[in-house]
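In this note's numbering, the protein residues as written are 1121 to 1316.
We treat Cβ as the ideally placed atom computed from N, Cα and C, and that holds for glycine.
In what follows, a single structure is set out as structure tokens and then discussed.
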Ligand SMILES: [Zn+2]
């Protein structure tokens, strides 16, 4: 269990990264941390990459009525000028931003912002996803969460794509992906002729 460091008496903020495969509970963990920050009187906001290049704003409302402002942004720099009065910044689906996100989170942390990023550590080929390897290297705190293998029930680290597409980004949920453990991922990937 992640224990939040105390932001009081610190000269700078810090960077937390929550990573894992699809269906591992990354976003739930991000929201859990943001809600706790809100309960302790910090201002919080969630950002995510816009899929349609348009900025839009909405609130995420959880079961207990907590509202967190959620904003979709076209590029990483957009986060900087929307966070002047925000103590704790959450960034969901962070793997879809380009490498500029690394500079942005470092700049926020230097300005005494607590930054919590959540994203896929690996793509469907088990390669580091976009800026994630660098974000994990730069982070002060890293949490890896795990899904359950949909084949055997073991702990799962990988997002297995059920379709034949070789594109890195294919949007979809349970229709396209399922979580798999190391053994179940490799067994069926070899069947499909993927060379390791
Ligand atoms: Zn398995």
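(request) Would you mind listing the alpha helix (DSSP H) stretches within the region 1208-1254 that are 4+ residues and don't spill past its ends, in chain order? (result) 1220-1230
(request) Please classify residue 1195: does DSSP put it in a helix, a strand, or coil? (result) coil
(request) Could you please go through the chain and list the residues whose beta-carbon is closer than 5 Å to any non-hydrogen atom of ligand 1? (result) 1269, 1271, 1272, 1274, 1301 and 1304
(request) Using a Cβ cut-off of 7 Å (strictly closer), state whether residue 1295 contacts chain B. (result) Checking the listed chains, one finds no chain B in this structure; it contains a single protein chain.
(request) Determine the DSSP secondary structure at residue 1272, reduced to helix, strand or coil. (result) coil
(request) Kindly indicate which three-state DSSP category residue 1285 falls into: helix, strand or coil? (result) coil
(request) Could you check the C-alpha separation between residue 1124 and residue 1219 for me, to the nearest Å? (result) 26 Å
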